[in-house]
Amino acid sequence: MINDANQELISWDNSTNMQAEVINISSWMQYMEVKEVALDIFKSNFLTLKNEAVNTAVERANEFTEKLIIGLQNKKMETEWIRDPWFQYSLFEAQKSYAKSWDSDMEAVLIDVLVDRLNYTERNLKQIVLDESIPIIAKLTSAQLDTLTILFLLKYTQNYKVNNPELLKWYLNTNLIPFVDNLSKEHSLYQHLEFTWCWSISLWSKTIEDVFLDNYKCIFFKWFSKEYYLEQTWEPIDKYEGFVVQCFNNSVKYQFSARNNDLLETQITDSGNSNECRNLYNEFVFTKDEVKNKLIEVWWEVISKLFDVWDNSALKNMTITTVWIAIAQANFRRKTWTTLDLSIWIK
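Position 100 of the sequence shown, counted from 1, bears residue number 99 in numbering that gives the first Met the number 0, the numbering being contiguous throughout.
Here it is, written out as structure tokens:
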């Protein structure tokens, strides 16, 4: 149990005071003892409730804590983290949020963020961002979590494996489609997201077609012939191995292998290839309408909804904060079981 003499009172601006029990725990402390401490933190700090509400809140906090312990065991995390007052505060915020909402989607994201938080024992930006994300998660619905995850994936990520139509289909099925069903054009959804400071509205917007052309242009390529390539570059088509390949959309014609313009520039620099290749690369790319049709071919109903919501809501004009990046990658991991490296976006 917790020693009352070993408590600190922590207060934040515009917040209620909270008792953070600073526990001296030896390295041999078992997970069940950690669970007891975690539940003591909740019972010591949660608002005084009456009758069945007390039992319900404690039951939900216990349910949350048991799943957190499983997450820690799966990651083989040490138990020393329970001594950190800031982590105790974050733990209490997460327990309190789940006890009030009993939302399983929110619970999974909160646990994921808490486990991730334990990877950062030194105070740095990632630790601060993860701590700050916990009270924000409690203010979001599943639809809002998925909406912002779609924004994060389309505007802030690219998958380096996707360099042919089959891998594009795999990417859409595994990375995007799990989040599309919850998308909505409802204005109040975006108003509330703005209230939570997850994102801000920008005058700049980008179409989905542009996103895929910027990241995966090689998939949306028409074709050229050997003769045309020689005429434009004054070089045989097979001079540089792997630079030009059989066209994905016309098996008797050719295209460049580079996934996007950045990789084409690297290939040109490394091989000393002709600068005329830049013009060829952009000359034979799909139009935006053709890109849209190509994407819709993969999964008509779902991708059509993605285009509809993106084109007819505030989604395309939004930029997200560091806190939302942390929440988005946790929600992404919840649905896809794929871990992203937070350090890519938050140093």
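We put the beta carbon where it would ideally sit given N, CA and C, even for glycine. Here the structure is a predicted model, which is why all the values come from computation and not from measurement.
field: For Leu117 and Ser89, believed in contact at Cβ under 8 Å, the rounded distance
entry: The pair is not a contact, with the Cβ atoms about 10 Å apart (cut-off 8 Å).
task: Could you please give the first and the last residue of the uninterrupted beta strand (DSSP E) stretch that includes Tyr280?
output: From DSSP, Tyr280 is part of no beta strand (DSSP E) but of the alpha helix (DSSP H) over Glu275 to Glu282.
task: Might you give, ordered along the chain, the residues of its own chain that have their beta carbon closer than 8 Å to the beta carbon of Ile110, omitting 5 neighbours on each side?
output: Annotation for Ile110: Phe63, Lys66, Leu67, Gly70 and Ala93 place their beta carbon closer than 8 Å to its own, counting only its chain and skipping 5 residues before and after.
message: So for Val161, helix, strand or coil by DSSP?
response: Secondary structure at Val161: coil, using DSSP grouped into helix, strand and coil.
- prompt: How many angstroms separate the CA atom of Asp83 from the CA atom of Asp130?
  reply: Straight-line spacing of the CA atoms in Asp83 and Asp130 works out to 12 Å.
task: Could you check the C-alpha separation between Val57 and Ser96 for me, to the nearest Å?
output: So the two alpha carbons sit approximately 12 Å from each other.
task: For Arg59, count neighbouring C-beta atoms within 10 Å of its own C-beta (all shown protein chains included) and say buried if the count is 16 or more, exposed if not.
output: With 16 or more Cβ atoms within 10 Å of its Cβ, Arg59 is classed as buried.
field: Which listed residue (Asp115, Ala98, Met105 and Lys216) has its alpha carbon closest to that of Lys75
entry: Of the listed residues, the one whose Cα sits closest to Lys75 is Asp115.
message: Using the three-state DSSP reduction, which class does Tyr170 fall into: helix, strand or coil?
response: The answer is helix: DSSP assigns Tyr170 an H, G or I state.
message: On the criterion of 16 or more Cβ atoms from any shown chain inside 10 Å, does Arg122 qualify as buried, or is it exposed?
response: Exposed.
- prompt: Does the region 176-188 come close enough to the region 307-315 to have 3 or more Cβ pairs within less than 8 Å?
  reply: Verdict: yes, contact present.
field: Coil, strand or helix - Glu106 by DSSP
entry: Three-state result, Glu106: helix.
task: Pull up the distance between the alpha-carbon of Leu249 and that of Trp344, whole angstroms please.
output: In the sequence under discussion, the amino acid at residue 249 is Asn, which differs from the Leu named in the question. Distance between the alpha carbons of Asn249 and Trp344 is about 38 Å.
field: Buried/exposed call for Leu341, threshold 16 Cβ in 10 Å
entry: By the neighbour-count rule (16 or more Cβ atoms within 10 Å), Leu341 is buried.
field: Every unbroken alpha helix (DSSP H) inside the region 266-333 [4 residues or more]
entry: Fully enclosed alpha helix (DSSP H) runs of 4 or longer: 275-282, 287-297 and 299-310.
- prompt: In this structure, does DSSP put Asn249 in helix, strand or coil?
  reply: It is a strand residue.
query: Is the beta carbon of Phe242 sitting closer than 8 Å to the one on Ser224?
result: No, they are not a contact pair.
task: Note down the Cα distance separating Gln126 from Ser100, rounded to an integer number of angstroms.
output: Roughly 25 Å between the two C-alpha positions.
query: If you run the structure through DSSP and keep just helix, strand and coil, what is Phe255?
result: Note: Phe255 maps to strand in three-state DSSP.
query: Between the C-alpha atoms of Thr148 and Gln157, what's the straight-line distance to the nearest angstrom?
result: In a straight line, the C-alpha of Thr148 is about 13 Å away from that of Gln157.
Exposure label - Ala52; buried when at least 16 CB within 10 Å: With fewer than 16 Cβ atoms within 10 Å of its Cβ, Ala52 is classed as exposed.
- prompt: Is Met317 closer than 8 Å to Ile136 when the C-beta atoms are compared?
  reply: No. Outside cutoff.
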